[in-house]
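Colleague:
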Amino acid sequence: MNKFISSLKRLFIAIVFALMLGAVIIIITSSKPSNAIKIFFLGPFSNKYFFGNMISYAIPLIISGLAASIAFSANMWNMGLEGQLYIGGLCGTYFACQMSSYPAAIAIPIALIVSFLVGGAIAAVSSYLKTKWNINVFLSSLLIANGLFPFVTFFLEGPFNDPKAGFAASPRFNQNFMFSKILSPSELHSGLFIALGFVVLFYFIRRQRVLGYEIKITGENALFAYYGGVPTGRVEIIAMFLSGGLAGLAGMINVFGSTGRMLGYMSMIGWNGIPIAIIARYDPIIVVPAALLFSFIQKGAEAGALFADITPQVAQLIQAAIFYIITAEGLFDFIGIWKRKVVK
Amino acid sequence: MIISLIDSVIYTTIAATTPIVLPALGVMFTNFSRMFNIALEGMMLVSAFSSVLIADITSSLLLGVIAGIVAATILGLSIFFICHYFHAEVFIVGMGANLVATGLATFISIQLKGSSSLIFENAPKLERINIPIIKNIPILSGLSGHYIIDYLAIVITVICYVVIFHTRYGYHLRTIGKDAWVAKTLGISIVKHRFISYLWCGFLCGLGGAVLSLPVGVFLGGPVGMTNGRGWLAIAVLCLGQENPLNILVAALLIGAALALSDLLQVTTNLSPRLLMILPFAAALIAIVVYMAKGHKTGLGIKIQ
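Residue numbers (the numbering used here), protein chains in the order written: chain A, 437 to 780; chain B, 54 to 358.
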C-alpha cells in the first residue's frame, strides 16, 4: 500500500510539473498567452470530440506503459519498445491485408496474435543474449530496435506500399476490420476495452500469481531469486516476451483503432511507455492515469495549434521534460511531500 | 580501379569513425566515474544544431564549434546536477535528455524558420585539409583530405590514452571505476571526478556533433535526426573497447567501416538504402556477441535501482 501511495505522489508531481512547464513555454512563445493557456488546459475537455480523441490516444499508451512495466519490474531494460511496436504493427497489418475476404471475427484476432508473437520474439532475442552471453539488454534491444526502423520503413516504401498514398504507408485492409467507434464524433474505439482488460490481467498476475512474484524478486535481486529456486533465466525471457508482445500489440491496436493502415513514421508511443511505467512505479493500475496525462499533453498541444498559436512540438518537449524530473526525488524534499530515499 | 576503391573505403571509414569515436571517448570518462551517461545522442544533436546556427549568425567556424561544445556541455551538466543534487537516476534522466534535445532542437528551429530541417546558406563550411606528400601516394591517399576535426580526433584519442594511463588524475579516475568505495576511503573526491568527466563528455560530444553539421551546413530535425543512432553505436563501441582509448579507436574504426560500407554500397549497387542502413547496427550487435561469447565482461556501469 505504501508503494501505491508513493506512485500516486509521483503521478501528482508529474502532473503539476507538466502543467507548470506547459504554461511557462506558452507564456514565452505565444502572443496571446491567456487565451493559449486556456485552450491548452481546457481544450481536451471542451467537447465530446476532443475528449474522445484524448482517451483514444491513451489506448496504445496504456498498453505500451504495461509493456515497459513488466520488463522493468524484472530489471530488463527493454529500450526497443518503439521498434517492437513498429514491426508488430507491420506484420499484423500484413496479415490483415491478406485476410481481407475472411470475416472480421477471424481476421482481427489473428492479426493481433501475430503482432503479439512478432514483437515478443524480437524482445526475447535480447533476453536470450543476456542469458546466454550476459550481453546488456539495454544495449542489445536498442541496437535491434535501431536496425528495425529502416527495415520496416523499407517494406512500407517498397514491397508493401500503397502507391496511391504517395508516402510511406501500407495499403488499407478491409475497413470492416476497424474497431467500432464508441463516442460517435470522436475517434474513441473499442480497443479501450482490450487495453483495460490487459490492465486488470496484469494487475492480477502481479498481485496474485506465482509468475508475478517471480518477476518481481528476479528484478529486485536476481542472485537471491536464483538461490531461492526461481529459474531466473526463464523468468527474464518470459518477462521480455510479454513486454515485446504487448508493444507489438499496441502498434496493431493503434492501426485497427485509429490509423487504418501502417504509417511509416515514429509515433513515440513506445518511447512514452517508458516514463509512463516509471511514473506508475510499474503498477498496472496507475499506468492508466499516467497514460492519460501524456495523452492530455499531446491533445492539449494539438488543440492549441488549431485554435491558438501554440507549436504542436510543445507536447514532445513537455513529455521529454517529465523524464528529467520524475526520478528526482530529492527535488521535493523541501516541500516535505517526499521523504528522501537513502542513496548510498 | 581497385586501388581507387580501397582509397575511397579508407577515406569514408575515417570520416565515418570521427563522430563515433569522440562520443565513445566521452562516455568512457563518465563510465569510469560510475555515472554512466547515455545522452550522447542528445548531446551530439544539440551541438550539431547550435554549432551550425551560431556559425550561420556570426559566420565564424570557431565560434560555431565553441557554441556546439558549450551547448553539449550544458546539457551534460544538467544531467549531472539533477542526478547529484536531487538523487535522480542517471539512466532515466539521460533518456530524458535525448528526447529533450530532439524536442528542443525541433521546437527552436520551427520557431525560428518554420521547419524542422534547416539549410544554413550563410554558414561557412569546414575546409578539407590535404596532407602534401601522402595525397599523391596511391593507397595512402585516403588518409588525406579530411576535416580538421577528423585529424583532431586521432590526436584526442592519444591525449586521452596519456591522461588515463600516465597521469595522477587518470589513476584516480580508474580507481573510482574499479571501486568507488575504495576511492572514497583513499580521499578521492568522487563528485569532483564525476563533474570533470561530464565536462570531458560535453567537450567530446560537442566536437562530435559539430563534425556532423558544419561540413554540410544543414540541420535535420525530427525523431531520427542528424545523429541517426551514432550515440547508441558509440555505447556499443565502448562495450567493445572497454577502458582503453586505443581499443576504443579500433572498435570505432570497425563500426566506421560498416558505416562506410553501407554508404559505398548505396552508391555503387542498387540495393535499397533503407536496408543498408541496418548494416552498422547489425555489425555492432554481431561484434558484441562475438566479443562477449569469448568470455569478456562488458564492464558497463549501467546499474539501475
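Glycine is no exception: its CB is placed at the ideal position from the N, C-alpha and C atoms.
Would you call the CB atoms of E672 of chain A and S563 of chain A closer than 7 angstroms?
Modeller: Here residue 672 of chain A refers to the residue found at position 236 of the first sequence. Here residue 563 of chain A refers to the residue found at position 127 of the first sequence. In this structure, S563 of chain A lies closer than 7 angstroms to E672 of chain A by Cβ.
Colleague: Assign D232 of chain B to one of two classes, buried (16 or more other C-beta atoms within 10 Å of its C-beta) or exposed (fewer than that).
Modeller: Taking the second sequence and counting its residues from 1, one reaches residue 232 of chain B at position 179. Label assigned to D232 of chain B: exposed.
Colleague: Between the Cα of A504 of chain A and those of A:I733, A:M515 and A:I473, spot the shortest distance and give me the residue it belongs to.
Modeller: As a working note, residue 504 of chain A is residue 68 in the first sequence. Per the Cα distances, A:M515.
Colleague: In whole angstroms, what separates the C-alpha of C527 of chain A from that of F102 of chain B?
Modeller: One-based indexing of the first sequence puts residue 527 of chain A at position 91. One-based indexing of the second sequence puts residue 102 of chain B at position 49. Going from the Cα of C527 of chain A to the Cα of F102 of chain B covers about 36 angstroms.
Colleague: Can you tell me where the beta strand (DSSP E) with L29 of chain B in it begins and where it stops?
Modeller: Lying outside 54 to 358, the shown extent of chain B, residue 29 of chain B is not represented and no answer is given.
Colleague: If I measure Cβ to Cβ from N471 of chain A and keep anything under 8 angstroms in the same chain, skipping five residues before and after, which residues do I get?
Modeller: For the purposes of this step, residue 471 of chain A is identified with residue 35 of the first sequence, where counting begins at 1. Result list for N471 of chain A: A744, in chain order.
Colleague: Around the C-beta of F448 of chain A, are 16 or more other C-beta atoms found within 10 angstroms, so that it is buried, or is it exposed?
Modeller: By one-based count along the first sequence, residue 448 of chain A stands at place 12. With fewer than 16 other Cβ atoms within 10 Å, it is exposed.
Colleague: At a Cβ threshold of 7 angstroms, is R327 of chain B touching chain A?
Modeller: Along the second sequence, read from residue 1 onward, the residue named residue 327 of chain B stands at position 274. Yes, its Cβ sits closer than 7 angstroms to a Cβ of chain A.
Colleague: Identify the continuous alpha helix (DSSP H) that holds V143 of chain B and give its terminal residues.
Modeller: On the second sequence, residue 143 of chain B is found 90 positions in, with the first residue counted as 1. Note, V143 of chain B: alpha helix (DSSP H), V143 to K166.
Colleague: Please determine, among A:I689, A:Q755, A:F660 and A:R670, the residue with the shortest C-alpha to C-alpha distance to A545 of chain A.
Modeller: Translated into positions along the first sequence, residue 545 of chain A becomes position 109. Here residue 545 of chain A is Pro; the residue named in the question, Ala, does not match the sequence. Checking every option, the nearest Cα to that of P545 of chain A belongs to A:I689.
Colleague: Pairs of beta-carbons, one from the segment 590-608 of chain A and one from the segment 287-307 of chain B, closer than 8 angstroms: are there three or more?
Modeller: In short, these stretches do not touch, since the Cβ pair count stays below three.
Colleague: Tell me the start and end of each unbroken alpha helix (DSSP H) in the segment 604-659 of chain A that is at least 4 residues and wholly inside, in chain order.
Modeller: Counting whole runs of 4 or more residues, the segment 604-659 of chain A contains the alpha helix (DSSP H) stretches 627-644 and 646-656.
Colleague: Leaving out five residues on either side along the sequence, give the residues of the same chain with a beta carbon under 7 angstroms from the beta carbon of M279 of chain B.
Modeller: The sequence position of residue 279 of chain B within the second sequence is 226, counting from 1. Excluding sequence neighbours, M279 of chain B sits near L98, A101, L265, S266, F272 and L273.
Colleague: What is the rounded straight-line gap between the Cα of V153 of chain B and the Cα of A757 of chain A?
Modeller: The count along the second sequence starts at 1 and reaches residue 153 of chain B at position 100. The count along the first sequence starts at 1 and reaches residue 757 of chain A at position 321. Their Cα atoms are separated by approximately 6 angstroms.
Colleague: Can you check whether the C-beta of T763 of chain A is within less than 7 angstroms of a C-beta belonging to chain B?
Modeller: On the first sequence, residue 763 of chain A is found 327 positions in, with the first residue counted as 1. For T763 of chain A, the answer is yes, since a Cβ of chain B falls inside 7 angstroms of its Cβ.
Colleague: Is the Cβ of L273 of chain B closer than 7 angstroms to any Cβ of chain A?
Modeller: As a working mapping, residue 273 of chain B is identified with position 220 in the second sequence. It does not; no Cβ of chain A falls within 7 angstroms.
Colleague: Shortest alpha-carbon distance to I249 of chain B belongs to which of B:M81, B:T70, B:I56 and B:I184?
Modeller: As a working note, residue 249 of chain B is residue 196 in the second sequence. Nearest of B:M81, B:T70, B:I56 and B:I184 to I249 of chain B, Cα basis: B:M81.
Colleague: Under a Cβ-count criterion, where at least 16 other Cβ atoms within 10 Å of its own Cβ denotes burial, should N183 of chain B be classed as buried or exposed?
Modeller: Indexing the second sequence from 1 puts residue 183 of chain B at position 130. Classification for N183 of chain B: exposed.
Colleague: Less than 8 angstroms between the CB atoms is what I'm expecting for A713 of chain A and G501 of chain A, so what's the real figure, rounded?
Modeller: By 1-based counting over the first sequence, the position of residue 713 of chain A is 277. By 1-based counting over the first sequence, the position of residue 501 of chain A is 65. With a Cβ gap of about 5 angstroms, A713 of chain A and G501 of chain A count as contacting.
Colleague: So, are the CB atoms of A108 of chain B and G117 of chain B less than 7 angstroms apart?
Modeller: Counted from its first residue, the second sequence places residue 108 of chain B at position 55. Counted from its first residue, the second sequence places residue 117 of chain B at position 64. Yes; because the gap between Cβ atoms is below 7 angstroms, this pair is in contact.
Colleague: Against L157 of chain B, what residues of chain A qualify as contacts under a CB-to-CB distance less than 7 angstroms, listed in chain order?
Modeller: One-based indexing of the second sequence puts residue 157 of chain B at position 104. Those within 7 angstroms of L157 of chain B in chain A are L753.
Colleague: Does V269 of chain B come out as helix, strand or coil in the three-state DSSP assignment?
Modeller: For the purposes of this step, residue 269 of chain B is identified with residue 216 of the second sequence, where counting begins at 1. Coil, per DSSP.
Colleague: Can a CB atom of chain A be found closer than 7 angstroms to the CB of W360 of chain B?
Modeller: Outside the displayed range of chain B (54 to 358) lies residue 360 of chain B, so it cannot be described from this structure.
Colleague: Using a threshold of 7 angstroms, state whether the C-beta atoms of A311 of chain B and L332 of chain B are closer than that.
Modeller: The residue labelled residue 311 of chain B in the question sits at position 258 within the second sequence. The residue labelled residue 332 of chain B in the question sits at position 279 within the second sequence. The answer is yes: Cβ separation under 7 angstroms.
Colleague: Of all the residues that make up the segment 516-532 of chain A, which are near chain B by a beta-carbon distance shorter than 8 angstroms?
Modeller: Correct list: empty, as no residue qualifies.
Colleague: Measure the alpha-carbon distance for V290 of chain B versus P298 of chain B and round it to whole angstroms.
Modeller: Looking up residue 290 of chain B in the second sequence gives position 237. Looking up residue 298 of chain B in the second sequence gives position 245. Roughly 11 angstroms separates the two Cα atoms.
Colleague: So which residues on chain B does E593 of chain A lean against when the C-beta distance must stay under 9 angstroms?
Modeller: By one-based count along the first sequence, residue 593 of chain A stands at place 157. Neighbours of E593 of chain A on chain B, chain order: S325 and R327.
Colleague: With which residues is I182 of chain B paired in a DSSP beta bridge?
Modeller: Along the second sequence, read from residue 1 onward, the residue named residue 182 of chain B stands at position 129. Bridge partners of I182 of chain B: B:H199.
Colleague: Count Cβ pairs between the segment 55-69 of chain B and the segment 149-165 of chain B that sit closer than 8 angstroms; are there 3 or more?
Modeller: At 8 angstroms Cβ cutoff, the stretches do not touch.
Colleague: Which of helix, strand or coil does DSSP assign to L699 of chain A?
Modeller: Locating residue 699 of chain A in the first sequence gives position 263, counting from the first residue. If DSSP states are grouped into helix, strand and coil, L699 of chain A belongs with the strands.
Colleague: By the criterion of Cβ-Cβ separation under 8 angstroms, what are the contact partners of G501 of chain A in chain B?
Modeller: Translated into the one-based positions of the first sequence, residue 501 of chain A becomes position 65. Simply none; closest approach about 15 angstroms.
Colleague: Strictly under 7 angstroms for the Cβ-Cβ distance: is M345 of chain B near chain A by that measure?
Modeller: Here the question's residue 345 of chain B lines up with position 292 in the second sequence. Closer than 7 angstroms: yes.
Colleague: Considering Cα atoms alone, identify which of B:H137, B:L114 and B:G149 is closest to I762 of chain A.
Modeller: Residue numbering aside, residue 762 of chain A sits at position 326 when the first sequence is read from its first letter. Nearest C-alpha to I762 of chain A: B:G149.
Colleague: With C-beta atoms as the reference, is L121 of chain B less than 7 angstroms away from A263 of chain B?
Modeller: Counting from 1 along the second sequence, the entry for residue 121 of chain B is found at position 68. Counting from 1 along the second sequence, the entry for residue 263 of chain B is found at position 210. Here residue 121 of chain B turns out to be Gly, not Leu, going by the sequence shown. Yes, the pair counts as a contact, with Cβ atoms nearer than the cut-off.
Colleague: Please list the partners that M330 of chain B has in chain A, where partner means a Cβ-to-Cβ separation under 7 angstroms.
Modeller: For the purposes of this step, residue 330 of chain B is taken as residue 277 along the second sequence, with counting starting at 1. Correct list: P586.
Colleague: Considering K568 of chain A, what are the terminal residues of the alpha helix (DSSP H) in which it resides?
Modeller: Walking along the first sequence from the start, residue 568 of chain A turns up at place 132. Per DSSP, K568 of chain A belongs to the alpha helix (DSSP H) from A540 to W569.
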